[in-house]
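>
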Amino acid sequence: MKAYRLFDWQTPPRLVDIPIPEPGSGQVRLKVAGNGLCQSDLHMIHDWTESPPHINVTLPQTIGHEIGGWVDKAGPGVSGWDKGRAALVTLAGCGHCDACLRGWNNYCRGKPIQPGIGMDGGLAEYVLVPVGCLVPCDGLDPAEGAPLTDAGLSSYHAVRRVAPVLLPGSVAVVIGAGGLGHLAVAALKAVTPAEVIAVDPSPDARALALQSGADRAVEPGDDTLPRHDAAAVLDFVGAAVTLQSAFDMIRPQGHVVMVGRGSGELPFTHRSMPYGATLSTTFGGTKAELSEL
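Counting in the numbering used here, the sequence shown runs from 4 upward without gaps.
Set out below in structure tokens:
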């Protein structure tokens, strides 16, 4: 089969022929329908000089972790996954750490597993998947669903983090309305009663935000943006200027979620944010949230 494999750090992957793998105990083989390309894949290719210790990537490896496909063959001990069933692939936690026991597999403190990160991924014709990584997507084209496993899930998880503070009459602001941000706009409108404002310098991104359901889409620094009145701000950029903007907009007891990894830094003091406001980061989303999505 064809596979897109990384052989050395900071060198382009190569499309090569490798044998079709056989599923082992607790695995299924998926026929890949589609695989999204993530910023993390680009970091792995261009920036890494060695494997991070918590991932344990051994080269060569087939890249790609935003995977959708159809079950082609189930390994020993696997039931409920008949040939031809559509499925998406997500991260599986260790199952016994405190995070996993509370349903937060994306914050696993043990040894999480996911095809494409530490094991061969989905930029191939077939991929082996531990059964714990599978989420059924009956009725959904798995090629279209593949980007939901990361881009969609990361956005939806951030929305779920702030949903408790988004009551009727509240305001939520999305900074950065690109690939992930516009999905957050759609999720906010779907699961909360909040007014949703998108902020982006790009006219195309603002138009996309409006198409995704935003009540308003404005440029950064717009005079109509809330001043210490937003219940939630989701920052999909993560630069110093966007973090400062989030701090300026959030209300007391509001919630700022930093999703973007722009490496922005700000001094933080007792008065950096209104009293009771919280700032958190996120990583991916839970298996249950992918099922909801």
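Glycine is no exception: its CB is placed at the ideal position from the N, C-alpha and C atoms.
1) According to DSSP, simplified to helix, strand and coil, what is residue 205?
2) Quick one: complete alpha helix (DSSP H) runs, 4+ long, within the segment 10–55?
3) Between the C-alpha atoms of residue 254 and residue 282, what's the straight-line distance to the nearest angstrom?
4) Report the option in 121, 207 and 71 whose CA atom is closest to the CA atom of residue 142.
5) Check whether the Cβ atoms of residue 10 and residue 63 sit closer than 8 Å, and answer yes or no.
6) Apart from the five residues on each side of it in sequence, which residues of its chain come closer than 7 Å, Cβ to Cβ, to residue 38?
7) Could you give the C-beta distance for residue 95 and residue 120, rounded to a whole number, given that I count them as a contact under 8 Å?
8) Taking only three categories from DSSP, how would you classify residue 192?
9) Just to confirm, is the Cβ distance from residue 139 to residue 30 under 8 Å?
10) Compute the Euclidean distance between the alpha carbons of residue 85 and residue 76, then round it to the nearest angstrom.
11) What does DSSP give as the partner residue(s) for residue 66 in the beta ladder?
12) On the DSSP letters alone, give me the boundaries of the beta strand (DSSP E) that residue 355 sits inside.
13) Thinking just about the alpha-carbon of each residue, which of 170, 266, 261 and 271 is nearest to the one in residue 239?
14) Would you mind stating whether residue 105 and residue 292 have Cβ atoms separated by less than 8 Å?
15) Grouping DSSP H, G and I as helix and E and B as strand, with all else coil, what is residue 86?
In brief:
1) Within the sequence shown, residue 205 is the residue found at index 202, counting from 1. In this structure, residue 205 counts as coil in the three-state DSSP scheme.
2) DSSP runs (the alpha helix (DSSP H)) wholly in the segment 10–55: 42–49.
3) Here the question's residue 254 lines up with position 251 in the sequence shown. Here the question's residue 282 lines up with position 279 in the sequence shown. C-alpha separation (whole angstroms): 12 Å.
4) Within the sequence shown, the letter at position 139 stands for residue 142. Taking only the C-alpha atoms, the option nearest residue 142 is 71.
5) Position 7 of the sequence shown, counted from the first residue, corresponds to residue 10. Position 60 of the sequence shown, counted from the first residue, corresponds to residue 63. Their beta carbons are under 8 Å apart, which means residue 10 touches residue 63 by this criterion.
6) Against the sequence shown, residue 38 aligns to sequence position 35. Only 67, 69, 70, 125, 126 and 149 meet the Cβ criterion.
7) As a working note, residue 95 is residue 92 in the sequence shown. As a working note, residue 120 is residue 117 in the sequence shown. 11 Å between Cβ atoms; not a contact.
8) Your numbering for residue 192 matches position 189 in the sequence shown. Residue 192: helix per DSSP, three-state reduction.
9) Within the sequence shown, the letter at position 136 stands for residue 139. Within the sequence shown, the letter at position 27 stands for residue 30. Taking 8 Å as the Cβ cut-off, residue 139 and residue 30 do not qualify as a contacting pair.
10) As a position in the sequence shown, residue 85 is number 82, starting the count at 1. As a position in the sequence shown, residue 76 is number 73, starting the count at 1. The alpha-carbon atoms of residue 85 and residue 76 are separated by roughly 8 Å.
11) Locating residue 66 in the sequence shown gives position 63, where the first residue counts as 1. The bridge partners DSSP lists for residue 66 come to none.
12) What the structure shows of the chain is the stretch from 4 to 296, and residue 355 is not part of that stretch, so it cannot be assessed.
13) Stepping through the sequence shown from its first residue, residue 239 is reached at position 236. Closest by alpha carbon: 261.
14) The residue you call residue 105 lines up with position 102 of the sequence shown. The residue you call residue 292 lines up with position 289 of the sequence shown. The Cβ atoms of residue 105 and residue 292 lie no closer than 8 Å to each other.
15) By one-based count along the sequence shown, residue 86 stands at place 83. Three-state result, residue 86: coil.
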